[in-house]
Each structure stands twice: as C-alpha cells, then as structure tokens.
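Protein chains in written order, with the working numbering: chain W, 1 to 451; chain H, 452 to 793. For each residue, glycine too, the CB sits at the ideal point set by N, CA and C. What follows is one structure encoded as structure tokens, with my remarks underneath.
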C-alpha cells in the first residue's frame with residue numbers, strides 16, 4: 001500500500017473512533033441541562049441524583065473524546081503537511097478559534113460539573129452544566145465550519161504559484177458562513193442530540209427490563225423521548241436542506257449519493273439498490289420516479305447533474321457514497337418511527353409495559369451512532385478526490401517528509417490502542433450502568449477500603 | 452538587529468505565552484504524574500490524582516490551543532515540525548491518550564492489578580511527555596536539517612542526541628520540582644511532609660540539569676546568546692530565573708506554599724522567555740543551512756489572518772483567563788475526597 005492509502009485509512013480510522021464520543025457529550029449535555037434544570041425548579045433531590053448519574057457517564061465519554069481528539073488536532077500536521085501549508089490561513093484559524101472559544105469553556109466548567117457539587121451553589125452548578133453543554137456545541141460549530149470550508153470553500157483567494165500556492169482569507173465571515181456551514185452544522189448537531197437521547201433511552205429501557213431503578217429509568221426515558229422526537233424530525237428538515245445545498249455546491253457528490261449517471265429531469269429517488277459503477281446502473285433497486293428532482297427543486301422537472309458531466313478524474317466512488325447515504329436516511333426514518341412509537345404508548349399510558357419496545361429501545365443506542373458515521377462517510381467520501389473541493393486533490397495534500405514505514409507504524413499502533421480503549425470504554429460504561437444511579441454511595445465505600 | 456512589534460512578532464509572543472501557560476499549568480500535573488509511583492498507598496495515590504483532577508484537562512487545552520494557534524499563525528512551522536518529527540509526535544500523542552484515560556479509568560474499578568496498571572501508565576506517560584517536549588525544544592535550539600521546500604530532511608534518530616536528551620531530562624526535572632511544590636500545596640499531614648522532602652531533592656536535580664544544559668547550550672550553540680550580547684538588559688531574565696529558583700526552598704521552609712508555587716511558575720516563565728529570546732526571530736532553525744530556517748516572516752499566514760486571529764484572541768483570552776482563575780479559586784485548598792472523586 002502506498003502512503004496515500006495508509007494516511008487516508010489512518011485519518012478515517014482515527015476520526016471515526018473520535019466521532020463516537022463528542023456526539024454523546026453534546027447529546028448528554030442537553031439532557032443534563034434539562035434534568036438539572038428540573039432539580040433547580042422542583043428542588044427534588046431525585047433530579048439531582050439523576051443528573052449526577054449521567055454526569056459520571058458524561059465524564060467517561062468526555063475523557064475518551066479528549067484523548068482521541070488531541071490526535072485530530074495534530075494529525076493534519078503529521079500526515080497532511082502539504083494540505084496544512086496550503087490551508088493554514090483558513091483552516092488553522094477555525095481550529096484555533098475552537099480552542100479559544102470552545103475547549104477552554106468546556107474544560108473549565110467541566111471541573112465544576114464533575115467535581116464541584118459541594119464547592120458551589122446549585123445555581124452556579126447549573127450554570128456550569130449549561131456552559132459545558134454550550135462549549136461542546138461551540139466546538140462543533142468551529143469544526144463543522146472548518147470542514148464545510150473544505151466542502152464549499154469561500155471568502156479566500158489563492159496567493160503564490162506552484163508549490164507555494166496558499167489559500168488566504170479575504171473575508172472572514174464569508175469563510176465562516178460558507179455556503180454549506182449552517183445546514184451541515186444543524187444536521188451534525190441534531191445527529192449529536194440523537195446520539196445522546198438514544199443512549200439515555202437505551203439505558204433507561206435496560207433498567208425497565210431488569211426492573212431496577214424504575215423511577216430514574218422512567219423519568220430519563222420520557223425526557224429523552226421528547227428530545228429524540230424533536231431532533232429526529234428536525235433531522236429530516238436539516239438533511240433535506242443539506243441535500244439541496246449539495247446539489248447546488250457539489251453536484252458530483254449528489255450524483256454519487258443517488259447514483260445519477262446522466263443529466264436528467266424527473267430523476268428518480270432510490271429507496272435502496274446496489275450500484276454497478278462500470279455498467280452505470282443500479283441493480284436490485286427500488287426507485288420512486290421523479291422524486292429526487294422534486295425534492296431538490298420542488299418541481300419534478302428540476303434537472304439533476306449526472307456523473308457523466310463531471311470529468312472522470314473528478315468523480316467520487318459511487319457505491320460507497322450511495323450505500324452510506326441510503327443507510328443513513330433509512331436510520332433517520334427508523335429513529336422517527338421509534339420516537340413516535342414511544343410517545344404513542346406513553347400517551348396511551350402503558351409505555352413501560354411494552355417489553356418488545358423496551359428491547360428495541362435498548363438496541364436503538366447503536367442507530368444514531370451508525371447514522372452519524374455514515375453521514376460523515378457520505379460527506380467525506382463524496383468530496384473525493386478533492387481534499388478541498390475544486391482546489392486541492394487529496395493525493396496532493398500528503399506530508400512529503402513522511403514515509404510508508406512510518407505510517408504503518410502509527411497505523412498499527414492506533415489500531416491496537418484504540419481497540420483496547422474501546423473495549424475498556426464499553427466495559428466501564430457497562431459497569432457504571434449496571435451499578436445504576438442509586439448505588440453511587442456504594443462505590444465510595446468500596447474504594448475507601450481497597451488498597 | 453532591529454526589534455519592532457509587528458503582527459508577526461506579536462504572534463510569536465502570543466504563541467510563546469500560550470506555551471508558557473501550558474508549561475506552567477500542565478507542568479505541575481505532569482510533575483504529579485512523575486512522582487505518582489513514589490507514593491505507595493492507594494488512598495494517597497488517589498489524593499495525588501484528585502489534586503489535579505478538576506484541572507488537568509483544562510491544562511491540556513493550552514497545548515491544543517497552542518497547536519491550533521501555531522497552525523493558524525505559522526502554518527509552515529506546524530506542517531514542517533509535525534511531519535518532520537512524525538515518530539516523536541505519534542509517540543507523544545499515544546502518551547497523551549494513555550495519560551488521559553489512565554486518570555479517568557484508574558479509580559473506576561477496585562482491583563489491585565487494574566489500579567496498578569493505570570498508575571504505571573499515568574506515570575510513564577507523564578515522564579515521556581515531559582521528555583519528548585524537552586527533546587523537541589532541544590532540537591529547535593540545535594537546529595534540524597530543512598530542505599529548500601521547507602521540508603524536514605533528517606531522520607528520527609538524529610533528533611535524539613546527547614544534547615537533546617539532556618534538554619529532555621532537564622524538562623523532566625523541572626516538572627518534577629514544579630509538581631512536588633504543587634503537591635505540597637494540595638496535601639496535608641504525612642504525605643505533605645514527604646512531598647516537601649521531594650521538593651528539596653528535585654530542586655537539586657533540576658539545578659544540576661539546568662547548569663549543565665546552560666553550559667552546553669553556550670558552548671555548542673552560542674547563537675542562543677546573540678541577543679543577550681546585543682541587549683545586555685535581557686540578562687535580567689536569567690537573573691530573575693535564578694532568584695526564583697533560589698527562593699523556592701526558602702518559601703517551603705517558612706510554610707508559604709503558594710509563594711513557593713509562584714516562584715516555580717516564575718522560573719518556568721523565565722526559562723521559556725530565555726529560550727524565546729534565544730531563537731527569535733526563528734521558529735525552527737535550519738542546521739546546517741541557516742538560510743533555510745523557518746522564521747516568523749517566511750512561515751507566517753497572511754496579514755489578514757494574523758489580524759483576524761488577533762481579534763479572536765483579544766475577545767477570547769480575557770474569558771479564558773477568567774475561567775482559569777475562577778476554577779483554580781473554586782478548587783483552592785487541600786484535596787478532600789468524595790463520591791465524585793477519581
């Protein structure tokens with residue numbers, strides 16, 4: 001394998017691993033703000049205990065996010081030095097802004113959130129929870145801005161010639177609010193809220209099945225179901241907006257998402273299928289005629305650009321993007337359905353007697369996580385072969401000083417370490433969940449006596 | 452050479468300040484890590500861990516933000532250094548990962564083997580992080596081979612030579628001393644007495660390293676002294692540095708722990724200031740071809756970016772300082788364990 005493939009694999013692997021945790025932090029953040037808000041409002045110790053339980057889970061996911069996130073901050077320099085030289089002006093600014101505006105806010109108030117329960121007054125503690133939640137979302141803002149600039153670059157000009165060409169900011173706000181920033185930010189955030197909400201729903205349903213911590217479980221599920229319904233419906237809207245944006249700004253990506261080969265009006269929308277890239281057709285597929293054209297332009301006569309209108313060397317891989325995109329959309333609808341089912345039985349008053357639904361809830365924790373990963377695969381693979389759309393090819397962004405053996409070395413170590421960490425994370429999460437919210441005091445005494 | 456405070460110089464100073472903030476803050480929690488295995492009792496180890504519990508993560512943000520600021524202000528340096536020092540940085544990243552999860556995981560399970568494993572990981576990672584950072588600084592002082600396209604042309608093993616190893620060990624000694632003083636500040640009773648003993652030992656260790664490092668720098672890399680010859684007033688930095696270090700045992704003796712800690716912090720700030728004056732206006736010296744060095748002009752972003760970033764820093768930094776000071780104020784005093792502790 002050459003350096004390019006290895007570097008891409010390593011980046012994909014490290015970012016995918018990292019992206020399990022921040023969505024949980026962002027999603028749980030919202031949930032904790034609600035439960036602690038309820039504590040302040042009702043003064044009921046129950047909500048304090050509930051918040052404390054989720055804070056511990058939050059702290060665990062946060063630590064994993066920090067550990068795997070540091071890698072991301074430096075991996076542009078280690079493996080993508082030529083890219084870094086090219087975009088430092090623009091992309092570096094967004095990363096630096098993330099550090100100053102988001103990370104300090106998040107990590108500072110995290111101290112109070114986790115360790116400060118008896119150091120500050122309840123109102124101040126609630127404020128800290130709010131700030132941690134806000135900080136985690138600010139972080140998403142800057143990262144999505146940076147990535148969106150790679151998708152739809154704006155607010156810059158090119159300076160210099162040959163290998164010395166640099167993208168330099170001409171208009172900071174145009175760079176920040178580039179054509180895809182807002183749609184993609186909302187889509188990403190709402191995916192994060194879903195990740196958090198379904199973790200809560202899953203853990204709650206597990207307790208219901210085991211008939212433990214019932215009050216905590218029921219209360220958690222109800223709050224999380226409301227978040228889940230709002231976020232999953234909102235996701236439909238932001239997803240639609242994003243797709244319309246993609247059709248305008250990155251026609252090659254949209255063509256790959258829906259396997260459109262020739263320019264056409266009345267373009268169909270596939271529910272599923274398997275793309276034969278050579279034969280330029282979709283096999284085993286089920287298509288709804290004209291729906292794609294209609295969704296993109298609110299008119300079935302809307303003309304969709306096909307892959308054949310794009311030079312062959314500028315086309316992304318089609319089937320991967322198609323499959324990732326379609327599975328993501330399918331999961332999105334499944335999440336709406338699960339949320340609606342939950343609310344329906346809650347309204348009927350016998351939600352917690354539906355054992356089958358509880359089992360679906362338990363497993364549902366995986367769905368938003370998978371959808372989040374698939375969404376990023378769609379976005380990033382769909383941008384290929386560009387690292388910055390239309391400006392720089394991925395193969396031109398590599399580090400020149402790094403050799404194949406070095407990337408093998410780091411790649412193997414990353415794989416090894418991340419696998420261990422993931423197993424340990426699941427193990428600790430599992431034991432925290434099994435311990436439950438009411439037994440927090442027991443951990444203390446166990447630790448106190450052990451040497 | 453003329454000194455004027457233009458945008459590029461301002462950013463040189465700002466990144467210097469970020470890294471100084473990092474060295475002072477993460478320096479003590481890395482220091483706690485290097486001393487961790489010397490503490491044998493589980494309860495005492497928990498006290499050590501919880502002394503940095505609420506703050507270590509925020510301390511590390513200084514490094515992450517420093518990295519981001521370097522990327523934004525001097526992208527050529529970010530690209531050259533991180534790709535050139537590939538193996539070293541990958542190792543550093545692994546240590547940062549292990550250290551973060553070791554702190555978080557350790558106290559989650561009561562088993563003896565579990566805790567010992569993470570204690571070991573935490574301590575080794577702290578040592579190696581301090582060492583690798585010192586080695587990186589050593590390489591910047593001694594210079595690294597850079598080609599005309601601003602790419603690093605050396606090898607990993609070239610970077611580990613007696614001089615850079617010496618700077619690495621000096622950094623470990625510095626953080627050990629700084630961590631021991633922080634430990635004295637946060638503990639009480641018997642553990643505190645032992646930590647006081649370690650403050651004395653680590654000061655001696657550090658002073659020996661520091662004197663050796665200074666001598667070898669002046670002998671082998673005399674360019675580091677050029678600005679001090681030109682502007683003798685700068686020698687005050689070296690003087691304050693020595694006074695600050697000498698002041699530490701005195702403050703510890705009189706039980707003024709906070710003042711001892713500030714002395715140590717002042718010593719770190721002076722050391723980095725001496726380093727910064729020494730390398731200015733270069734960021735990465737090219738050795739053997741000094742004309743290929745990356746300096747604050749040939750490796751910087753556009754003027755507009757530097758300006759925009761200055762505005763961002765101007766808005767953000769007051770907030771950052773406000774959070775940092777409040778957090779340290781809220782968690783002042785001796786460590787008390789409770790059910791939310793590590």
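A distance of 8 Å or more separates the beta carbons of residue 7 of chain W and residue 548 of chain H.
In this model, residue 380 of chain W and residue 30 of chain W are separated by some 27 Å (Cα to Cα). Of all C-beta pairs linking the region 586-601 of chain H to the region 635-642 of chain H, fewer than three are shorter than 8 Å, placing the two stretches out of contact. The three-state reading of DSSP puts residue 276 of chain W in strand, counting E and B together. The beta carbon of residue 687 of chain H does not come within 8 Å of any beta carbon belonging to chain W, so the residue lies off that interface. Residues of chain H whose Cβ lies closer than 8 Å to the Cβ of residue 98 of chain W are, in chain order, 519. Taking the C-beta atoms as reference points, residue 225 of chain W is found nearer than 8 Å to residue 342 of chain W.
Neighbourhood of residue 107 of chain W in chain H, by CB distance below 7 Å: 508, 509, 512, in chain order. Counting C-beta atoms within 10 angstroms of its own C-beta, residue 397 of chain W has 16 or more neighbours from the protein chains shown and is therefore classed as buried. Here the alpha carbons of residue 230 of chain W and residue 33 of chain W stand approximately 16 Å from one another.
About 32 Å separates the beta carbon of residue 227 of chain W from that of residue 256 of chain W, a gap too long to meet the 8 Å contact definition.
Chain H places no beta carbon closer than 8 Å to that of residue 123 of chain W, leaving this residue out of the contacts. Judged by DSSP in its simplified three-state form, residue 392 of chain W adopts strand. DSSP places residue 733 of chain H in the strand class (E or B) of the three-state scheme. Cβ-Cβ distances below 8 Å link residue 568 of chain H to nothing in the same chain once the five nearest sequence neighbours on each side are left out. Along the region 208-280 of chain W, the alpha helix (DSSP H) occurs as fully enclosed runs of 4 or more residues at 214-249, 251-257, listed in sequence order. Closer than 8 Å to the CB of residue 118 of chain W there is at least one CB belonging to chain H.
For residue 98 of chain W, same chain residues with a beta-carbon under 7 Å away, outside a window of 5 residues either side, are 139, 142, 143 in chain order. Setting aside the 5 residues that flank it on each side, residue 165 of chain W is surrounded in the same chain by 158, each with a C-beta closer than 6 Å to its C-beta; the list follows chain order. In this structure, residue 660 of chain H lies away from residue 615 of chain H, with their beta-carbon atoms at least 8 Å apart. Under a 10 Å Cβ-count criterion, residue 740 of chain H is classified as exposed, with fewer than 16 other Cβ atoms of the shown protein chains found around its own Cβ. In the DSSP annotation of this structure, residue 403 of chain W is not part of any alpha helix (DSSP H), being labelled neither H nor E.
Contact of residue 680 of chain H with chain W is not assigned, every C-beta pair being separated by 8 Å or more. Taking 9 Å as the Cβ-Cβ cut-off, the region 493-506 of chain H approaches chain W at 493, 494, 497, 501, 504, 505, 506, given in chain order. The DSSP-derived three-state label of residue 386 of chain W is strand. Below the 8 Å Cβ cutoff, chain W contributes no neighbours of residue 667 of chain H, its closest Cβ being approximately 28 Å away.
Per the Cβ contact rule, the region 368-375 of chain W is in contact with the region 1-20 of chain W (3 or more Cβ pairs under 8 Å). The region 106-125 of chain W makes contact with the region 48-64 of chain W, as at least three CB pairs between them are under 8 Å. With fewer than 16 other Cβ atoms inside 10 Å of its own Cβ, residue 416 of chain W counts as exposed. Membership of residue 48 of chain W in the alpha helix (DSSP H) is indicated by the continuous run 45-79. Residue 720 of chain H is a Cβ neighbour of residue 475 of chain H, given a cutoff of 8 Å.
Using a Cβ-Cβ cut-off of 8 Å, residue 471 of chain H does not count as an interface residue toward chain W, since no Cβ of chain W sits closer than that to its own.
Ranked by how close their Cα comes to the Cα of residue 155 of chain W, the residues W:147, W:174, W:183, W:146 have W:174 in first place. DSSP places residue 15 of chain W in no beta strand (DSSP E) but in the uninterrupted alpha helix (DSSP H) bounded by 3-18. Short of 6 Å from the beta carbon of residue 510 of chain H, and not among the five residues preceding or following it, lie these beta carbons of its own chain, in chain order: 476, 477, 480. In terms of Cα proximity to residue 437 of chain W, the closest of W:53, W:14, W:313 is W:53.
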